[in-house]
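Participant:
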Amino acid sequence: MAIHGRFSEVRLAALQRIEDSDVLERVAEVIRDKDKRVYRCCKERLRQRHQASETAHRAVELAAALRDLLDFVPIHRSRMLNLEKEFSSLGNGPEAISESKALMDEARSRFQQESLAERNLQACLVSAQQL
Numbered sequence: 007m008a009i010h011g012r013f014s015e016v017r018l019a020a021l022q023r024i025e026d027s028d029v030l031e032r033v034a035e036v037i038r039d040k041d042k043r044v045y046r047c048c049k050e051r052l053r054q055r056h057q058a059s060e061t062a063h064r065a066v067e068l069a070a071a072l073r074d075l076l077d078f079v080p081i082h083r084s085r086m087l088n089l090e091k092e093f094s095s096l097g098n099g100p101e102a103i104s105e106s107k108a109l110m111d112e113a114r115s116r117f118q119q120e121s122l123a124e125r126n127l128q129a130c131l132v133s134a135q136q137l
């Protein structure tokens, strides 16, 4: 129906029910010169799916990088800042991001604790040098 429907509204409604990306690509290929509105809608849905897939993949990679970061004591500041920047670019979305968010929260907390401990150690060092 998305390809051979008689009216544009029928093709568009049929397109909205398609869930398989391969079928969407096939419809986009065939309908390209027949109905620009349906073609644009099809391409937009494919773009959104690709973007969601890419975001989920980046979130999984980020989670692995955060796990690696948490293995080091103390946490590397520059690496932490780079990962934080990458995390903020992910936005909200798939559940894979929730794992990355939990790991990022843990890394931030540990980073703050390590920074506080370092400042306290510096203060103790200054006090000891003054004696």
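Following the working numbering, the residues of the sequence shown are numbered contiguously, the last one being 137. From the three backbone atoms N, C-alpha and C, an ideal C-beta is built for every residue, glycine too.
(1) Can you tell me the Cα-Cα spacing of residue 71 and residue 52, whole angstroms?
(2) For residue 13, which of helix, strand or coil comes out of DSSP?
(3) Mapping DSSP to helix, strand and coil, what is residue 25?
(4) Can you give me the C-alpha to C-alpha distance between residue 75 and residue 34, rounded to a whole angstrom?
(5) Taking the alpha-carbon of residue 86 as reference, which of 54, 68 and 97 has the nearest alpha-carbon?
(6) Could you tell me if residue 48 is buried or exposed, where buried requires 16 or more neighbouring beta carbons within 10 angstroms of its beta carbon?
(7) Compute the distance between the beta-carbons of residue 106 and residue 65, then report whether it is under 8 Å.
(8) Please name the residue in 36, 43 and 39 whose C-alpha comes closest to that of residue 19.
Facilitator: In short, the structure shows the following:
(1) Within the sequence shown, the letter at position 65 stands for residue 71. Within the sequence shown, the letter at position 46 stands for residue 52. Using only the alpha carbons, I get a separation of about 29 Å.
(2) Looking up residue 13 in the sequence shown gives position 7. In the structure shown, residue 13 sits in coil (DSSP, three-state: anything other than H, G, I, E or B).
(3) Position 19 of the sequence shown, counting from 1, holds the residue named residue 25. Looking at residue 25 - three-state DSSP - the assignment turns out to be coil, as it is neither helix nor strand.
(4) Taking the first residue of the sequence shown as 1, we reach residue 75 at position 69. Taking the first residue of the sequence shown as 1, we reach residue 34 at position 28. Distance between the alpha carbons of residue 75 and residue 34 is about 43 Å.
(5) If you number the sequence shown from 1, residue 86 lands on position 80. It is 68 whose Cα lies nearest to the Cα of residue 86.
(6) The residue labelled residue 48 in the question sits at position 42 within the sequence shown. Buried: at least 16 other Cβ atoms inside 10 Å.
(7) On the sequence shown, residue 106 is found 100 positions in, with the first residue counted as 1. On the sequence shown, residue 65 is found 59 positions in, with the first residue counted as 1. Closer than 8 Å, so yes.
(8) Your numbering for residue 19 matches position 13 in the sequence shown. Minimum Cα distance to residue 19 is reached at 43.
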